[in-house]
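Visitor:
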Amino acid sequence: MIKIQSETHNRLGTVVCDNGTPNVMQFSFVLEGVSSEVTVRRGEFVSVVTNVGEVIARVQDLIRTNRYYQHAEAVREYQSRGEPLRSIFPTDRWQYTVATARVVGLWANNRPVRPYFAISPGSVVRQVDASVLSKFLRLDLENGLNLGSLGHHNLLFSPSMDKLLSKHLAILAMSGAGKSYFVSVLLEELLTRSKSQGRIATVLIDVHGEYKYLKDMEPISTSVDSAFDVEHIRGAHLQIPVNTLTAEGIGALVSDMSSVQKRDLKRILAEIRSTQKGGYSLKELIEYVRNDETIKGNTRDALIGWLYNLEETNLFGKEGVPDIKSMVRPGRLTIIDLSDFISLRKKQIVVAHLANELLYLRRRDIIPPFLLVLEEAHQFCPESRHDLALPKARIETIAREGRKFYALLCLISQRPVKLSTTVLSQCSNQAIFRCTNPYDLDHIGRSSEGIDRAALDAITTLEVGEALFVGETVSVPTFVKIRQRKFEPSGQAKSLTEALMRADK
Ligand SMILES: Nc1ncnc2c1ncn2[C@@H]1O[C@H](COP(=O)(O)OP(=O)(O)OP(=O)(O)O)[C@@H](O)[C@H]1O
Ligand SMILES: [Mg+2]
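Numbered per our numbering, the sequence shown spans residues 19 to 523.
1. Give the straight-line distance between the Cα atoms of R536 and T454, rounded to the nearest whole angstrom.
2. So the candidates are S438, F63, N374 and V260; which of them puts its Cα closest to the Cα of D405?
3. L328: which of Q257, I286 and G51 sits nearest, CA to CA?
4. Kindly provide the chain-ordered list of residues whose Cβ lies closer than 6 Å to any non-hydrogen atom of ligand 2.
5. Which residues does DSSP pair with L124 in a beta bridge?
6. Closest by CA to Q444, which one among S184, G349 and D147?
7. What do you reckon, are the CB atoms on N447 and G489 nearer than 8 Å?
8. Can you grab the Cα-Cα spacing for the pair T26 / E401, in whole Å?
9. Report the three-state DSSP secondary structure of V248 (helix, strand or coil).
10. One question on the structure: do T32 and V146 come within less than 8 Å of each other, judged by their Cβ atoms?
11. I'd like to know whether the C-beta atoms of L182 and T491 end up nearer to each other than 8 Å.
12. Cβ of S357 within 7 Å of any heavy atom in ligand 4?
13. Give the range of the alpha helix (DSSP H) segment to which V339 is assigned.
14. What would DSSP say about D282, mapped onto helix, strand or coil?
15. In this structure, how does DSSP classify D355 when only helix, strand and coil are distinguished?
16. Which residues in the same chain have their Cβ closer than 8 Å to the Cβ of F107, if we skip the five residues on either side of it in sequence?
17. Could you spell out where the alpha helix (DSSP H) holding T415 opens and where it closes?
18. Do Y229 and I353 have their C-beta atoms closer together than 8 Å?
19. Can you tell me which of the three DSSP states P456 falls into?
20. Relative to the C-alpha of A195, which candidate in H250, A511 and Q432 has its C-alpha closest?
21. Verify the contact flag: G194, CB atom, against every heavy atom of ligand 1, threshold strictly below 7 Å.
22. Any idea what DSSP makes of S236, helix, strand or coil?
23. Less than 8 Å between the C-beta atoms of P409 and A370, yes or no?
24. Grab me the residues of A449's own chain with a C-beta within less than 6 Å of its C-beta, minus the 5 sequence neighbours each way, in chain order.
25. Can you grab the Cα-Cα spacing for the pair S138 / L208, in whole Å?
26. If you follow the beta strand (DSSP E) that A485 is part of, which residue opens it and which one closes it?
27. Is P259 helix, strand or coil by DSSP?
28. Between G123 and R59, what straight-line distance do the alpha-carbon atoms span, to the nearest angstrom?
29. Between the C-alpha atoms of W125 and L157, what's the straight-line distance to the nearest angstrom?
30. Could you give the distance in angstroms between the alpha-carbon of S299 and the alpha-carbon of Q366?
31. Report all residues from its chain with a CB closer than 7 Å to the CB of F18; omit the five preceding and five following residues, and keep chain order.
32. According to the neighbour-count rule (16 or more other Cβ atoms, all chains shown, within 10 Å of its Cβ), is E375 buried or exposed?
33. Do the CB positions of H226 and E393 come within less than 8 Å of each other?
34. In angstroms with no decimal places, state the Cα-to-Cα distance between A245 and V48.
35. Does DSSP put V498 in a helix, a strand or coil?
36. For I430 versus L459, is the C-beta distance shorter than 8 Å?
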């Protein structure tokens, strides 16, 4: 497949002296051709060839001027006479457009260099060649992930998997902007990778049951001959082994456990672990506490009460189901479907356990490098100390230390302002979709270095399915239109009207 169509190196305009420019970071240019035509668009990359390399810039704004219309008085005068200016004067010929552009880099000797000089007035501005742009942005047309295309350019957006995922990815936007859709596209790409391209194990926490359709996907490309490796596990089938629970762990799950009670529980857990090597259930643990004679009466009652409370969640058992060691495999997607759980606490217990085990097993190299995809991440690692947040410490540890041994996170949130700043600042890559809430925008602006005011403004005007990629993925923040997914979930109503029609049969 030819990924880039060669673009003619069209001239766009000429650099002029304007308002202290050209300087190292900015220049303005007057557009060529018929002034009413749109030849350059805001956000487009343009290039100026110099004798030390190609200066690559992004169009920030376009200003149209016409000296016939500069004096309101004169325009008003002709208006009142009922004669439009253009019927008397050749006004069209005097209209021109000045584009302002911000330099994003210098492409010299086949590598990007930080800009260090101002281009000369009179230089010719051209369309940037797609192959140069792709190299400049560090896209990987051979082995990258085909996620969409660059706005205004005939270029696929195919970042390398290494750059996109190896330092954690945050996907942020308001509701309905296309986050989950993008995750489906990303998963399609990860599942179709060949062994030689590198296949990551993915564990997806599916809070709303949106991804289970992926298990029915059939490969449509001939390059992949085996079926996709997708496992779907319902929350109701999960079982957390009781012997992995520590006194601190149980203390975090229940409220107000005193240090004396914790100490007693610790001793009991150590004892039961040494006698019951094959694991034990919560009921057995409760019996053990009941029969312990050294423990004080009211401590015993309190411990038994808490353990019953955990038993009622139906989440714990003698053995772990599924076995995480065999669940996490290269190239496999495991969907942990929590859509049956209403209680946030239950969801949090599952996520805390999974995060804990995944990190432990990865550290010891028992499981391969993995990507943990977490929808509604603000529910699991909130910024506020007042919110219930059982998995927070674990997720923060993965965020801080995971990248060293490729325990990677992909966090999705529609309320970035509620997401832990520690975690967000560790996500070196961000895909930001449409977002209009000023608090969220402010939070995004503060937590990612690459975003300036103009980019923040642009985020408010993005359409559904369009995103700004910032961070290690691309050398400069880049606007991307996410591609359509190849597999559509069947049976899902696409609109309210469709859902109503189905319900009204
Ligand atoms: N790249 C895209 N191409 C085509 N349609 C899209 C694209 N992205 C999103 N959509 C449409 O927008 C709808 C909403 O997208 P999505 O479910 O991904 O939103 P979301 O950001 O996950 O919202 P929420 O925060 O409520 O979960 C999709 O069902 C789909 O119809
Ligand atoms: Mg969603």
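Virtual Cβ for every residue (Gly too), placed ideally from N, Cα, C.
Guide: Concretely, from the data shown:
1. In the structure as shown, the chain begins at 19 and stops at 523. Residue 536 is therefore absent and cannot be evaluated.
2. For this step, residue 405 is matched to residue 387 along the sequence shown. Comparing Cα-Cα distances from D405 to each of S438, F63, N374 and V260, the minimum goes to S438.
3. Against the sequence shown, residue 328 aligns to sequence position 310. Comparing Cα-Cα distances from L328 to each of Q257, I286 and G51, the minimum goes to Q257.
4. K197 and S198
5. The residue you call residue 124 lines up with position 106 of the sequence shown. DSSP, once it has assigned bridges, lists V73 and V131 as partnering L124.
6. Within the sequence shown, residue 444 is the residue found at index 426, counting from 1. For the residues S184, G349 and D147, the minimum Cα distance to Q444 belongs to S184.
7. Numbered from its first residue, the sequence shown carries residue 447 at position 429. Numbered from its first residue, the sequence shown carries residue 489 at position 471. Yes, the Cβ-Cβ distance between N447 and G489 is below 8 Å.
8. As a working note, residue 26 is residue 8 in the sequence shown. As a working note, residue 401 is residue 383 in the sequence shown. Its pLDDT being 45, under 50, T26 is placed unreliably in this model, and the value from its coordinates should be taken loosely. Near 50 Å, if we compare the C-alpha coordinates of E401 and T26.
9. Within the sequence shown, residue 248 is the residue found at index 230, counting from 1. Correct three-state label for V248: strand.
10. On the sequence shown, position 14 is the one that residue 32 refers to. On the sequence shown, position 128 is the one that residue 146 refers to. Contact flag unset, no.
11. Within the sequence shown, residue 182 is the residue found at index 164, counting from 1. Within the sequence shown, residue 491 is the residue found at index 473, counting from 1. Yes, they are a contact pair.
12. Among the ligands in the structure shown, ligand 4 does not appear; only ligand 1 and ligand 2 can be found there.
13. Counting from one through the sequence shown, the residue named residue 339 turns up at place 321. First-last for V339: undefined, no H or E at that position.
14. The residue labelled residue 282 in the question sits at position 264 within the sequence shown. D282: helix per DSSP, three-state reduction.
15. Your numbering for residue 355 matches position 337 in the sequence shown. D355: strand per DSSP, three-state reduction.
16. For the purposes of this step, residue 107 is identified with residue 89 of the sequence shown, where counting begins at 1. For F107, where only same-chain residues beyond five positions count, the Cβ hits under 8 Å are Y86.
17. Here residue 415 refers to the residue found at position 397 when the sequence shown is read from its first residue. Its alpha helix (DSSP H) spans residues K410 to E419.
18. The sequence position of residue 229 within the sequence shown is 211, counting from 1. The sequence position of residue 353 within the sequence shown is 335, counting from 1. One thing to note: Y229 has its Cβ within 8 Å of the Cβ of I353.
19. Locating residue 456 in the sequence shown gives position 438, where the first residue counts as 1. Helix, per DSSP.
20. As a working note, residue 195 is residue 177 in the sequence shown. Ranking the options by Cα distance to A195, first place goes to Q432.
21. The residue given as residue 194 occupies position 176 in the sequence shown. Under cutoff, so the answer is yes.
22. In the sequence shown, counting from the first residue as 1, residue 236 sits at position 218. Sequence check: residue 236 is Glu here, not Ser. It is coil, neither helix nor strand.
23. Position 391 of the sequence shown, counting from 1, holds the residue named residue 409. Position 352 of the sequence shown, counting from 1, holds the residue named residue 370. Yes.
24. Translated into the one-based positions of the sequence shown, residue 449 becomes position 431. Excluding residues within five positions, the ones whose Cβ falls inside 6 Å are I189, A485 and F487.
25. In the sequence shown, the residue the question calls residue 138 occupies position 120. In the sequence shown, the residue the question calls residue 208 occupies position 190. Distance between the alpha carbons of S138 and L208 is about 46 Å.
26. Working through the sequence shown from its first residue, we reach residue 485 at position 467. Going by DSSP, A485 is part of the beta strand (DSSP E) stretching over E484 to G489.
27. As a position in the sequence shown, residue 259 is number 241, starting the count at 1. If DSSP states are grouped into helix, strand and coil, P259 belongs with the strands.
28. On the sequence shown, residue 123 is found 105 positions in, with the first residue counted as 1. On the sequence shown, residue 59 is found 41 positions in, with the first residue counted as 1. Their backbone Cα atoms lie some 19 Å apart in a straight line.
29. In the sequence shown, residue 125 corresponds to position 107, counting from 1. In the sequence shown, residue 157 corresponds to position 139, counting from 1. Approximately 14 Å, taken between the alpha carbons.
30. Here residue 299 refers to the residue found at position 281 when the sequence shown is read from its first residue. Here residue 366 refers to the residue found at position 348 when the sequence shown is read from its first residue. S299 and Q366: Cα-Cα distance of roughly 20 Å.
31. The shown model of the chain, from 19 to 523, leaves out residue 18, and the question about it has no answer.
32. Within the sequence shown, the letter at position 357 stands for residue 375. By the neighbour-count rule (16 or more Cβ atoms within 10 Å), E375 is buried.
33. As a first step, residue 226 must be located in the sequence shown, where it is residue number 208. As a first step, residue 393 must be located in the sequence shown, where it is residue number 375. Yes. Within cutoff.
34. Numbered from its first residue, the sequence shown carries residue 245 at position 227. Numbered from its first residue, the sequence shown carries residue 48 at position 30. Roughly 55 Å separates the two Cα atoms.
35. Position 480 of the sequence shown, counted from the start, is the residue given in the question as residue 498. Three-state result, V498: strand.
36. Translated into positions along the sequence shown, residue 430 becomes position 412. Translated into positions along the sequence shown, residue 459 becomes position 441. Contact: no.
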